[in-house]
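Student: According to my numbering, the sequence shown is numbered sequentially starting from 3.
Positions of the beta carbon are idealized from the N, C-alpha and C atoms, including for glycine.
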Amino acid sequence: MDNNKKKAVCEIVDVSIKNFVAGLESRYEAEAIDPNGVINAKKNNCFIAELGDEFMFYSAFVRSFDSSFGKVLENMGNAIAKLSYTVNGSIDSFLLPEQKQHIANLVNSYEQHAKPEIEHYQQHNFIIPKNIDSFKMTHATDNYFFNEEKKEHYIIELKAGGDLDNKKAKAEKIAMLEEFYLLKNRLINNKDHKVYIYFATAYNKFGEGRQWKQERVKQFFAEDELLIGKNYWNFVCDDRNGFDIVFEQYRLSASHIKKSLAKIKNIYFSGDELTC
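1) Under the rule that 16 or more other beta-carbon atoms within 10 Å means buried, what is Gln101, buried or exposed?
2) Could you check the C-alpha separation between Ala106 and Tyr112 for me, to the nearest Å?
3) For Met178 and Phe71, I'd like the C-alpha separation in whole angstroms.
4) Using a Cβ-Cβ cut-off of 6 Å (strictly less than) and excluding sequence neighbours within five positions of Cys278, which residues of its own chain qualify?
5) Taking C-alpha atoms, which residue in Glu31, Lys20, Ser86 lies nearest to Asn3?
6) State the start and end residues of the unbroken beta strand (DSSP E) segment that holds Phe96.
7) Since Ser255 contacts Asp16 with CB under 8 Å, what's their CB separation in whole angstroms?
8) If we count the other Cβ atoms within 10 Å of its Cβ and call it buried at 16 or more, is Lys1 buried or exposed?
9) Looking at the structure shown, is Leu229 part of a helix, part of a strand, or coil, going by DSSP?
10) Quick one: residues in its chain with C-beta nearer than 6 Å to the C-beta of Ala142, no 5 flanking neighbours on either side, listed in chain order?
11) What is the rounded straight-line gap between the Cα of Arg253 and the Cα of Gly209?
12) For Lys73 versus Ala162, is the C-beta spacing smaller than 8 Å?
13) Looking at C-alpha atoms only, which residue of Ile82, Glu154, Val219, Ala264 is the closest neighbour of Lys169?
14) State yes or no: is the C-beta of Met139 within less than 8 Å of the C-beta of Leu98?
15) Let me know the secondary structure DSSP gives Thr277 once reduced to three states.
16) From this set, Leu263, Lys152, Ile269, which residue's C-alpha is nearest Tyr198's C-alpha?
17) Report the three-state DSSP secondary structure of Lys152 (helix, strand or coil).
18) By how many angstroms is the C-alpha of Val11 removed from the C-alpha of Phe261?
19) Applying the 10 Å Cβ sphere with the 16-neighbour rule, what's the burial state of Ser95?
20) Roughly how far, in whole angstroms, is the beta-carbon of Val40 from the beta-carbon of Glu33, given that I think they are within contact range, below 8 Å?
21) Give the list of continuous alpha helix (DSSP H) stretches no shorter than 4 residues that lie fully inside the region 169 to 193.
22) Taking Leu160 and Ala224 to be in contact with their CB atoms under 8 Å, please state how far apart those CB atoms are, rounded to whole angstroms.
23) Within this structure, are the beta carbons of Phe147 and Val64 separated by less than 8 Å?
24) Quick one, are the C-beta atoms of Tyr30 and Ile266 less than 8 Å apart?
25) Which two residues bound the contiguous beta strand (DSSP E) that contains Tyr200?
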């Protein structure tokens with residue numbers, strides 16, 4: 003990665019974290035006088051409060067933090083991707099009944115333990131009718147990238163939290179295959195363009211560099227369709243060292259979050275007595 007791009011990536015990471023921290027402080031400062039706020043609701047539980055301020059604060063804080071921070075990572079990934087790709091917000095096209103049926107057949111075969119392969123849909127062609135008006139639709143997507151030089155389109159379903167509920171894997175694959183065919187249909191006159199789908203996570207829940215073991219997900223997704231942790235960040239950076247660059251900057255920028263946590267905690271526990 004050249005120095006200009008590296009600088010741009012690092013700036014995106016730092017600004018993303020600073021903006022997140024600003025929103026975090028604003029929210030919890032406003033909730034400090036609300037008895038139904040996230041922290042106060044837990045603070046008023048004397049059984050939890052008896053375990054100490056530290057435990058009580060983080061038991062209330064972490065869940066909402068995880069949820070909002072996941073969106074930060076997704077937005078950060080998209081912002082970085084714009085340095086290398088065109089990032090689109092929706093797909094306007096059409097989806098044929100035959101394609102829906104093919105998707106259903108594929109997913110059913112995976113449930114019967116057929117091994118997923120990208121060839122199952124990449125090499126399947128359909129006859130397009132002259133009138134497609136009744137099949138038109140728009141599909142919103144936050145992670146659709148286009149590499150103009152390679153003429154390659156990438157549809158990515160990112161689970162920023164690093165995990166996918168096993169029961170949702172089937173539905174995710176169906177949705178992604180529908181997006182695949184929508185985009186293929188839109189590009190029907192661009193025979194040299196290619197479309198790829200990926201299931202991605204912002205980190206490897208089993209540890210970076212270790213095998214990703216969500217077998218229920220792998221029941222529906224081929225290995226070639228996975229961008230797990232480090233591979234996702236390398237992809238959005240379009241660089242084999244992308245993850246290292248992103249995470250090294252995050253190490254520095256994380257100090258803003260740490261300071262903010264201490265500030266927020268002090269707002270709620272500045273010597274107050276916790277009583278039942």
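Tutor: Taking the geometry as given:
1) By 1-based counting over the sequence shown, the position of residue 101 is 99. It is buried - the Cβ of Gln101 has at least 16 other Cβ atoms within 10 Å.
2) As a working mapping, residue 106 is identified with position 104 in the sequence shown. As a working mapping, residue 112 is identified with position 110 in the sequence shown. Their Cα atoms are separated by approximately 10 Å.
3) Reading the sequence shown from its first residue, position 176 is the one you call residue 178. Reading the sequence shown from its first residue, position 69 is the one you call residue 71. Approximately 24 Å, taken between the alpha carbons.
4) Residue 278 sits at position 276 when you count from the first residue of the sequence shown. With a pLDDT of 38 at Cys278, under the threshold of 50, the modelled position of that residue is not reliable, and the figure given next carries that caveat. Around Cys278: Cys48.
5) Counted from its first residue, the sequence shown places residue 3 at position 1. With the sequence shown as reference, residue 3 is identified as Met, and Asn is not the correct amino acid for it. The residue with the shortest Cα to Cα distance from Met3 is Ser86.
6) Against the sequence shown, residue 96 aligns to sequence position 94. That run of the beta strand (DSSP E) goes 88 to 96.
7) As a first step, residue 255 must be located in the sequence shown, where it is residue number 253. As a first step, residue 16 must be located in the sequence shown, where it is residue number 14. Ser255 to Asp16, Cβ: 5 Å. Contact.
8) Not covered by the structure: residue 1. The range shown for the chain is 3 to 278.
9) Sequence index remark: in the sequence shown, residue 229 carries index 227 (1-based). Strand.
10) Taking the first residue of the sequence shown as 1, we reach residue 142 at position 140. Cβ within range, chain order: Ser92.
11) Mapped onto the sequence shown, residue 253 falls at position 251. Mapped onto the sequence shown, residue 209 falls at position 207. Roughly 17 Å separates the two Cα atoms.
12) Counting from one through the sequence shown, the residue named residue 73 turns up at place 71. Counting from one through the sequence shown, the residue named residue 162 turns up at place 160. The answer is yes: Cβ separation under 8 Å.
13) For the purposes of this step, residue 169 is taken as the residue at position 167 of the sequence shown. Selected option, being the one with the closest Cα: Val219.
14) Within the sequence shown, residue 139 is the residue found at index 137, counting from 1. Within the sequence shown, residue 98 is the residue found at index 96, counting from 1. No; because the gap between Cβ atoms is not below 8 Å, this pair is not in contact.
15) The count along the sequence shown starts at 1 and reaches residue 277 at position 275. Note on Thr277: pLDDT 41, under 50, position unreliable in the model; the coordinate value appears next. Thr277 falls in the coil class under three-state DSSP.
16) The sequence position of residue 198 within the sequence shown is 196, counting from 1. Here the closest residue by C-alpha is Lys152.
17) Reading the sequence shown from its first residue, position 150 is the one you call residue 152. DSSP places Lys152 in coil when its eight states are reduced to three.
18) Counted from its first residue, the sequence shown places residue 261 at position 259. Counted from its first residue, the sequence shown places residue 11 at position 9. In the sequence under discussion, the amino acid at residue 261 is Lys, which differs from the Phe named in the question. Near 23 Å, if we compare the C-alpha coordinates of Val11 and Lys261.
19) By 1-based counting over the sequence shown, the position of residue 95 is 93. Counting Cβ neighbours within 10 Å, Ser95 comes out buried, since at least 16 surround it.
20) Position 38 of the sequence shown, counted from the first residue, corresponds to residue 40. Position 31 of the sequence shown, counted from the first residue, corresponds to residue 33. The pair is a contact, with the Cβ atoms about 6 Å apart (cut-off 8 Å).
21) 171 to 188
22) In the sequence shown, residue 160 corresponds to position 158, counting from 1. In the sequence shown, residue 224 corresponds to position 222, counting from 1. Contact doesn't hold; Cβ gap of about 17 Å is too wide.
23) For this step, residue 147 is matched to residue 145 along the sequence shown. For this step, residue 64 is matched to residue 62 along the sequence shown. No, they are not a contact pair.
24) Working through the sequence shown from its first residue, we reach residue 30 at position 28. Working through the sequence shown from its first residue, we reach residue 266 at position 264. Against a cut-off of 8 Å, the Cβ pair of Ile266 and Tyr30 comes out as a contact.
25) For the purposes of this step, residue 200 is identified with residue 198 of the sequence shown, where counting begins at 1. Taken as a continuous stretch (DSSP letters only), the beta strand (DSSP E) holding Tyr200 covers 196 to 203.
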